[in-house]
Amino acid sequence: MDHFIGSLSAAAREVPASGIIAAVNHGRSKAGVIPLWAGEGDLPTPRFIVEAAERALRDGATFYTHQLGIPPLREALAAYYEAQFGRAFDPDSFFVTGSGMQAIQISVRLCLGPGEEILVPSPAWPNIAGAAIAQGSVPVPVALREESGRFALDVGDLEAAITPSTRAIFVNSPANPTGWVANRQTLEAILDLARRHNLWIIADEIYSRFVYDGSARAPSFLDIAAPDDLIVYVNTFSKNWAMTGWRMGWIHATPALKSTIANLIQYSTSGIAEFMQWAGVTALNDGEWFVRHMVDRARQGRAIVNEGFAGNNRVTYSAPDGAFYAFFRVAGLVDATEAAFRLIDEAGVGTAPGTAFGAGGDGFVRVCFARSSDSLREAMGRLGHYLETAC
């Protein structure tokens, strides 16, 4: 074993294991566990989207296809953005990827080389750090400031972390796991910082529709950016349309990057299955009602979590402004991974350990509340009872 591991590239050896997946693997086969560990709900992809893929399969959409996405899908993405932002978008600025994760991976490759640094507000979804490490780049965590379970970014902390090796800033808003949402003023400050230091911004807007202040979407760099700003946007079909298992996402960026992104896709997946892309067209064109349903469902889940934690003296928690996770501190929690395993084994609730999300996650636990009300109430009852009675 050591012989094989020692012969690997340094970057491959250094890629960390996911603490989230460790919890999933521990509890995957255990009967009766309510799985709140991963970033997905319990609804399958709606039938009208599945039927679009079935039709495309029957029609023979099984051949090699466009690297960057079929034209109707890129046009549908442009129309979706026009509806969200109230202005026209060029279909040539959208590039279809094999998941939101691949969109992040390609964006990292666009912006960073070996040894170069990307600033990551933390706690953060661990895959951005993993994507950087896998290619020999360096993720630099910048701690979000936390008070009573509520997180915020001080842009001065970002600036203090810049070195001559810094090439990019990763901004996930609404944020996984903390639920932090950057307001327009914060986005303006980050953009000003990036302009002054000639840094790329990778804007992860995967949870942009999941906000709880009555808005239709979260603030975006697209509200304030100029055409020549160094920004790439990543997104996915997974969250809005319950398509996690389809592994289909997209990048939005200047058309000037078209040939470069095409090359990166060619030498990874060579494009996404065409029949899946037709499902994406249908999701975008006909699925706005379902997105709103998903957001309403998450809002109800958020209320159930709020109620479940009310009065629990072991929990420090503030309702998130966005995304669909509760990230809460548990008094006396020492080993978050061990606690996650015990919650699976003894309480029958699957959670993600806070340490899986890097700096600032010590003592925290994350649960996903994008689930049915009955399932979530049962999970919160089990969780509350365990926290009150466990040693």
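In our numbering, the protein residues as written are 1447 to 1837. Think of the CB as a built atom: it goes at the ideal place given N, C-alpha and C, for glycine as much as any other residue. As the structure is a computational prediction, the values presented were derived from the model and not from experiment.
Residue i and residue j closer than 9 Å at C-beta
i       : j       : result
Lys1685 : Ala1816 : yes
Asp1488 : Ser1764 : no
Ala1498 : Trp1724 : yes
Gly1695 : Asn1709 : no
Val1780 : Leu1789 : no
Val1737 : Arg1655 : yes
Residue i - DSSP class collapsed to helix/strand/coil
i       : result
Trp1626 : coil
Asp1488 : coil
Glu1497 : helix
Ile1480 : strand
Cys1837 : Only weak support is given to the placement of Cys1837: the predicted model assigns it a pLDDT of 45, under 50, and the question is left unresolved by the model.
Arg1823 : helix
Ala1805 : coil
Phe1787 : helix
Arg1828 : helix
Phe1773 : strand
Val1813 : strand
Val1741 : helix
Ala1671 : coil
Thr1762 : strand
Arg1748 : helix
Between the CA atoms of residue j and residue i - distance to the nearest angstrom
i       : j       : result
Gly1757 : Ser1464 : 32 Å
Asp1791 : Arg1775 : 20 Å
Phe1773 : Arg1596 : 9 Å
His1643 : Ala1793 : 49 Å
Ile1466 : Ala1614 : 25 Å
Gln1530 : Glu1734 : 11 Å
Trp1646 : Leu1519 : 27 Å
Ile1750 : Asp1603 : 34 Å
Ser1475 : Pro1481 : 11 Å
Gly1478 : Phe1787 : 14 Å
Val1617 : Glu1592 : 17 Å
Ile1648 : Ser1545 : 16 Å
Asp1675 : Ser1539 : 14 Å
Cys1837 : Leu1637 : Residue placement at Cys1837 is poorly supported in this model, since its pLDDT is 45, which falls under 50; the coordinates still yield a value, given next. Cα to Cα, Cys1837 sits roughly 47 Å from Leu1637.
Identity of the residue in the options nearest residue i by Cα
i       : options                            : result
Met1826 : Leu1779, Arg1788, Gly1747          : Gly1747
Phe1803 : Asp1505, Ser1568, Val1617, Ala1522 : Ser1568
Tyr1510 : Met1722, Glu1497, Val1584, Asp1536 : Met1722
Trp1483 : Ala1469, Pro1492, Ala1477, Ile1495 : Ala1469
Asp1767 : Ser1455, Leu1639, Ala1649, Arg1663 : Arg1663
Leu1639 : Asn1622, Glu1605, Thr1690          : Glu1605
Glu1634 : Ser1654, Ala1672, Ala1621, Pro1623 : Ala1672
Trp1626 : Leu1599, Pro1610, Ala1607          : Leu1599
Trp1571 : Gln1581, Ser1818, Pro1587, Gly1559 : Pro1587
Tyr1653 : Ile1677, Leu1637, Ala1628          : Ala1628
Ser1551 : Cys1814, Thr1797, Thr1728, Ser1714 : It is Gln, not Ser, that sits at residue 1551 in the sequence shown. Among Cys1814, Thr1797, Thr1728, Ser1714, the Cα nearest to that of Gln1551 is on Ser1714.
Ala1729 : Glu1720, Ala1549, Ala1688          : Ala1688
Val1813 : Gly1485, Asp1448, Phe1450, Gly1452 : Gly1485
Val1554 : Ser1705, Gln1581, Met1740          : Gln1581
Closer than 8 Å: residue i CB and nearest the ligand NAP heavy atom
i       : result
Arg1817 : The ligand NAP is absent from the structure shown, which contains no ligands of any kind.
Which runs of the beta strand (DSSP E), 3 residues or longer, sit entirely within the segment 1677 to 1713?
1677 to 1682, 1695 to 1698
List, from N- to C-terminal side, the beta strand (DSSP E) runs of 3 residues or more that fit wholly inside the segment 1597 to 1655.
Within the segment 1597 to 1655, the complete beta strand (DSSP E) runs of at least 3 residues are 1612 to 1618, 1646 to 1650.
If you scan the segment 1516 to 1579 from start to end, which runs of the beta strand (DSSP E) of 3 or more residues do you find wholly inside it?
1540 to 1543, 1563 to 1568
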